[in-house]
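**Q**
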Amino acid sequence: MPTPLCPAELLFIAGADAGSFAHSQFTSDVNSLATGRWQWSAWLDPQGRARHFFALLRPELSRMLVWLPLGNAQAMRAELGRFVMRSRVQLDAQSWTMHALDPGDSPPVLEANELLPREAGFMLRQPGPIERTMWLAPAAASAFDEDRLEHWRLDDVAAGLPWINEALAGQFVPQALDMERLDAIRFDKGCYPGQEIAARLHFRGGNKRHLRHIHIDGTAPASSTLVTGIDGQLLGHILYAANCRSAEGSNALAVLTDVAEENTGSLLVGDARARLHSGSMTS
Numbered sequence: 015m016p017t018p019l020c021p022a023e024l025l026f027i028a029g030a031d032a033g034s035f036a037h038s039q040f041t042s043d044v045n046s047l048a049t050g051r052w053q054w055s056a057w058l059d060p061q062g063r064a065r066h067f068f069a070l071l072r073p074e075l076s077r078m079l080v081w082l083p084l085g086n087a088q089a090m091r092a093e094l095g096r097f098v099m100r101s102r103v104q105l106d107a108q109s110w111t112m113h114a115l116d117p118g119d120s121p122p123v124l125e126a127n128e129l130l131p132r133e134a135g136f137m138l139r140q141p142g143p144i145e146r147t148m149w150l151a152p153a154a155a156s157a158f159d160e161d162r163l164e165h166w167r168l169d170d171v172a173a174g175l176p177w178i179n180e181a182l183a184g185q186f187v188p189q190a191l192d193m194e195r196l197d198a199i200r201f202d203k204g205c206y207p208g209q210e211i212a213a214r215l216h217f218r219g220g221n222k223r224h225l226r227h228i229h230i231d232g233t234a235p236a237s238s239t240l241v242t243g244i245d246g247q248l249l250g251h252i253l254y255a256a257n258c259r260s261a262e263g264s265n266a267l268a269v270l271t272d273v274a275e276e277n278t279g280s281l282l283v284g285d286a287r288a289r290l291h292s293g294s295m296t297s
């Protein structure tokens with residue numbers, strides 16, 4: 015049986031102008047997104063910082079779903095609604111359930127960005143160190159498998175998926191979240207909020223914060239926890255973390271300043287020692 019992991023926050027964008035509206039607001043090339051496919055994307059503020067990072071699903075030509083793993087769909091609906099104006103678009107926030115599909119569930123072999131219907135929901139493959147297929151289902155679950163979710167988040171960390179929660183919204187430019195690696199941003203498409211600033215950083219440089227995979231000698235800290243040097247200097251923030259399966263400690267994704275590279279073995283997350291992970295991200 016599919017394993018329910020957690021609620022799935024979704025924002026529905028529907029209507030004749032759904033595609034053009036999303037293309038004008040989000041960082042990815044929405045016009046190239048075919049029906050039955052999905053892509054990584056983000057919505058920036060006017061200062062070029064990410065308000066939300068998400069998977070954008072297109073089950074139909076005039077209907078799209080924004081999946082926000084750590085986000086707040088209701089808040090995004092309210093924020094994005096201010097830009098609808100005369101566009102023929104309806105926005106609706108819903109809470110579904112995210113499931114993990116095990117080999118015993120006979121999940122189909124999906125292409126990297128393929129979207130497959132299942133019982134009024136959708137299946138999609140996720141990157142990571144192992145094959146992972148998830149199912150977003152509209153029915154609410156009565157209970158969740160917290161241990162399995164912890165393992166799933168570990169694989170999210172390994173894949174370098176830069177989930178941001180409400181506390182970190184509007185804090186990081188796309189370069190600090192390594193969005194280009196995931197093909198979640200285009201600089202050669204039409205204008206979208208924050209595009210000019212993001213493009214200037216891309217072409218001229220100047221970004222001093224980067225997405226890093228770190229190991230912490232302690233239990234998984236909360237999202238937005240500070241990362242410092244042993245001298246107390248602020249070096250960055252934890253995006254999210256998960257406890258390791260078979261070893262002590264936890265792994266996390268963090269946005270760190272360039273100075274953190276000079277303090278590789280002497281980082282602190284709260285009172286716990288931390289160090290940069292030597293392996294590359296798997297996505």
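So that you can map any letter, position 95 of the sequence shown is 109 in the numbering used here, and since no number is skipped, the others follow by simple counting. Idealized CB from N, CA, C, for every residue including glycine.
Using only the alpha-carbon positions, how far apart do Ile211 and Thr111 sit?
**A** Going from the Cα of Ile211 to the Cα of Thr111 covers about 36 angstroms.
**Q** Going by DSSP in three states, Met99 sits in which element: helix, strand or coil?
**A** DSSP places Met99 in coil when its eight states are reduced to three.
**Q** In terms of DSSP beta bridges, what is Gln104 paired with?
**A** Answer is Ala28, bridged to Gln104.
**Q** Between Leu253, Glu125 and Leu290, which has its C-alpha nearest Arg51's C-alpha?
**A** Cα-wise, what sits closest to Arg51 is Glu125.
**Q** In its own chain, which residues sit with a C-beta less than 7 angstroms from the C-beta of Leu130, not counting the 5 before and 5 after it?
**A** For Leu130, where only same-chain residues beyond five positions count, the Cβ hits under 7 angstroms are Pro122, Leu124, Phe136 and Met137.
**Q** Is the region 22 to 37 in contact with the region 69 to 81, if contact means three or more CB pairs nearer than 8 angstroms?
**A** Enough Cβ pairs lie closer than 8 angstroms, so yes.
**Q** Could you tell me whether the Cβ atoms of Asn49 and Ile199 are closer together than 8 angstroms?
**A** Per the sequence presented here, residue 49 reads as Thr, with Asn not at that position. No.
**Q** Can you grab the Cα-Cα spacing for the pair Pro21 / Glu145, in whole Å?
**A** Rounded to the nearest angstrom, the two C-alpha atoms are 22 angstroms apart.
**Q** Tell me whether Ser264 is buried or exposed, calling it buried when 16 or more other Cβ atoms sit within 10 Å of its Cβ.
**A** Buried: at least 16 other Cβ atoms inside 10 Å.
**Q** Are the region 56 to 66 and the region 186 to 193 touching by the rule of at least three beta carbon pairs closer than 8 angstroms?
**A** Output reads yes: the region 186 to 193 touches the region 56 to 66.
**Q** Identify whether Gly243 lies in helix, strand or coil by the three-state DSSP scheme.
**A** Looking at Gly243 - three-state DSSP - the assignment turns out to be strand.
**Q** Hey, Val269 and His291: beta-carbon distance below 8 angstroms or not?
**A** Cβ atoms of Val269 and His291: not closer than 8 angstroms.
**Q** Pick from Asn45, Ala288, Trp177 and Asp169: whose alpha carbon is nearest that of Ser237?
**A** Checked all of Asn45, Ala288, Trp177 and Asp169; the closest Cα to Ser237 is Trp177.
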